[in-house]
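Report on one structure; see the data block that follows.
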Ligand code: 13P
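Residue numbers (my numbering): 4 to 252.
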């Protein structure tokens with residue numbers, strides 16, 4: 004049985020007080036019927052420790068981690084530090100980090116390995132640019148993002164990976180992929196995991212959709228066979244919107 008997951012990605016939004024207010028509001032709204040869905044909040048590093056122990060209704064995720072173990076890397080946050088906050092997940096390979104912080108498949112290998120060796124699950128983001136989709140290269144792009152950063156892992160390690168397919172052209176633009184486009188790519192992603200690791204991994208791997216997902220389109224997207232949930236940016240900053248998305252299956 005594949006796990007259904009709704010993960011929020013707050014990005015660089017909400018100071019500590021605002022974050023606490025949002026979570027308190029959310030906790031009042033999330034009902035027990037939402038609870039066959041795992042809720043994850045991807046929050047700034049500064050919020051991890053405070054939010055990790057507040058409630059068992061959600062898990063907390065970092066949005067990045069250092070590719071180094073420890074040492075003279077001013078301003079960096081290690082996997083070990085993240086684990087010590089009580090966080091359970093780390094989002095890696097987000098397109099904003101690939102675009103603005105020189106993240107690439109090679110340094111992501113190191114980050115993935117460090118997270119897994121610290122018992123942190125990884126939400127690994129992949130997705131094509133508009134130009135890649137328009138030139139018909141979207142499957143190849145996503146395939147190499149996955150192969151180059153993840154396919155050195157063994158099957159047990161892969162069971163601690165969640166994939167988030169986020170077409171770059173749909174992130175923060177208000178233009179979402181159609182549910183058919185999402186389904187097509189999710190089925191493709193699942194097929195490459197099946198080819199590499201066998202049927203079982205393909206069956207259990209959760210694949211989330213991200214990119215302008217909101218309360219109006221979530222149900223349609225999540226109704227597709229290979230879509231197991233969402234990685235939600237803007238709409239995760241509003242408790243009402245986010246809880247509607249959690250209830251959208
Ligand atoms: P939006 O939902 O704001 O488009 O952001 C998606 C995203 O980047 C989640 O990681």
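A virtual CB, placed ideally from N, CA and C, is assigned to each residue, including glycine.
DSSP places residue 33 in the coil class of the three-state scheme, outside both helix and strand. Taken atom to atom, the span from the alpha-carbon of residue 201 to that of residue 20 is near 46 Å. For the options 12, 182, 112 and 77, the alpha carbon positioned closest to that of residue 161 is the one of 112. One thing to note: residue 236 has its Cβ within 8 Å of the Cβ of residue 175. Following the DSSP letters along the chain, one finds residue 62 inside the beta strand (DSSP E) bounded by residues 62-65. Of all alpha-carbon atoms in 76, 34, 126 and 137, the one lying nearest the alpha-carbon of residue 59 is that of 34. In this structure, residue 117 has its beta carbon at no less than 7 Å from each heavy atom of the ligand 13P. In this structure, the C-beta of residue 174 approaches the ligand 13P to less than 7 Å from one of its heavy atoms.
The beta carbon of residue 80 is closer than 7 Å to those of 48, 68 and 69 in its chain, skipping five residues each way along the sequence. Residue 219 and residue 71 have their C-alpha atoms spaced approximately 41 Å apart. Exposure of residue 102 is indicated by the presence of fewer than 16 other C-beta atoms within 10 angstroms of its C-beta. If you draw a straight line from the Cα of residue 150 to the Cα of residue 86, it is about 26 Å long. Under DSSP, residue 165 shares a beta bridge with 126. Comparing alpha carbon positions, the residue from 243, 194, 170 and 73 closest to residue 214 is 170. The residues 171, in chain order, have a CB closer than 6 Å to that of residue 132 in the same chain once the five nearest residues on each side in sequence are set aside. The residue among 231, 181 and 90 with its C-alpha nearest the C-alpha of residue 211 is 231. For residue 7, the secondary structure class from DSSP, reduced to helix, strand or coil, is strand. For residue 234, the uninterrupted beta strand (DSSP E) segment begins and ends at 232-235.
Counted as a single uninterrupted DSSP element, the stretch harbouring residue 45 is not any alpha helix (DSSP H) but the beta strand (DSSP E) occupying residues 40-45. Residue 120 counts as exposed, since fewer than 16 other beta carbons sit within 10 angstroms of its beta carbon.
Distance from the CA of residue 192 to the CA of residue 223, rounded to the nearest whole angstrom, comes to 20 Å.
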